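J.: In the numbering used here, the protein residues as written are 92 to 247. Sharing a structure with you now.
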């Protein structure tokens, strides 16, 4: 898979993000309502990619910078957001490849820890993060009081 740096607002990225939001509707009954500003995913304080196989957009994901002035975050945090692989391309290791690429980009940008929030209705995500060295951390952000929310972190 080729990971291409993209704008969060790029049409291919938007299509993938819309598909991801529909998956949240099926799994949780509604879309992810975390406030997101597309500008947060622009360098140097953010990063967003679209993964392509043979030119076909099949995955996306990004991170946005946070620091200790925000509840639940430490200086140098990068928050993983909108990581998604289309159903037809799953079970090929693409999510792991995407995650490794996003971690590398955050490390290169000087971020010290990757953090994320996911939910209990996403067992595949929970397994991926656990097997990739992520440990459970204190809940943060929009879903910090949600029973179905889980937050994880990994030093980069």
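The C-beta atom is built at its ideal place from N, Cα and C for all residues, glycine as well. All figures in this text were calculated on a predicted structure; none of them were measured in a lab.
Measuring CB to CB, does residue 150 end up less than 8 Å from residue 175?
T.: The count along the chain shown starts at 1 and reaches residue 150 at position 59. The count along the chain shown starts at 1 and reaches residue 175 at position 84. Contact flag set, yes.
J.: On the DSSP letters alone, give me the boundaries of the beta strand (DSSP E) that residue 147 sits inside.
T.: To locate residue 147, count along the chain shown from 1; it is residue 56. Unbroken beta strand (DSSP E) run through residue 147: 147–157.
J.: Between the Cα of residue 202 and those of 154, 177 and 186, spot the shortest distance and give me the residue it belongs to.
T.: Within the chain shown, residue 202 is the residue found at index 111, counting from 1. Checking every option, the nearest Cα to that of residue 202 belongs to 154.
J.: Between 124, 95, 121 and 214, which lies nearest to residue 146 when the distance is taken from Cα to Cα?
T.: Locating residue 146 in the chain shown gives position 55, counting from the first residue. Of 124, 95, 121 and 214, the residue nearest in Cα terms is 95.
J.: Whole angstroms is fine: what's the gap from residue 156's alpha carbon to residue 216's?
T.: Within the chain shown, the letter at position 65 stands for residue 156. Within the chain shown, the letter at position 125 stands for residue 216. Each residue's Cα considered, the two are about 21 Å apart.
J.: In three-state DSSP terms, what is residue 230?
T.: Your numbering for residue 230 matches position 139 in the chain shown. The answer is coil: DSSP assigns residue 230 none of H, G, I, E or B.
J.: Along the beta strand (DSSP E) that carries residue 168, what are the first and last residues, could you check?
T.: Position 77 of the chain shown, counted from the start, is the residue given in the question as residue 168. Unbroken beta strand (DSSP E) run through residue 168: 168–176.
J.: Could you tell me the boundaries of the beta strand (DSSP E) in which residue 116 lies?
T.: As a working mapping, residue 116 is identified with position 25 in the chain shown. From DSSP, residue 116 is part of no beta strand (DSSP E) but of the alpha helix (DSSP H) over 102–119.
J.: Any idea what DSSP makes of residue 223, helix, strand or coil?
T.: For this step, residue 223 is matched to residue 132 along the chain shown. DSSP places residue 223 in coil when its eight states are reduced to three.
J.: Can you tell me whether residue 152 is buried or exposed, with buried defined as 16 or more other CB within 10 angstroms of its CB?
T.: Numbered from 1 along the chain shown, position 61 holds the residue referred to as residue 152. Its Cβ being crowded by 16 or more others within 10 Å, residue 152 is buried.
J.: Counting along the chain, where does the beta strand (DSSP E) carrying residue 244 start and finish?
T.: Here the question's residue 244 lines up with position 153 in the chain shown. Element bounds for residue 244: 240–246.
J.: Exposed or buried, residue 97, counting other C-beta atoms within 10 Å across all chains shown (16 or more means buried)?
T.: Locating residue 97 in the chain shown gives position 6, where the first residue counts as 1. Buried.
J.: What number of angstroms, rounded off, separates the C-alpha of residue 118 from the C-alpha of residue 135?
T.: Your numbering for residue 118 matches position 27 in the chain shown. Your numbering for residue 135 matches position 44 in the chain shown. When rounded, the distance between both Cα atoms is 33 Å.
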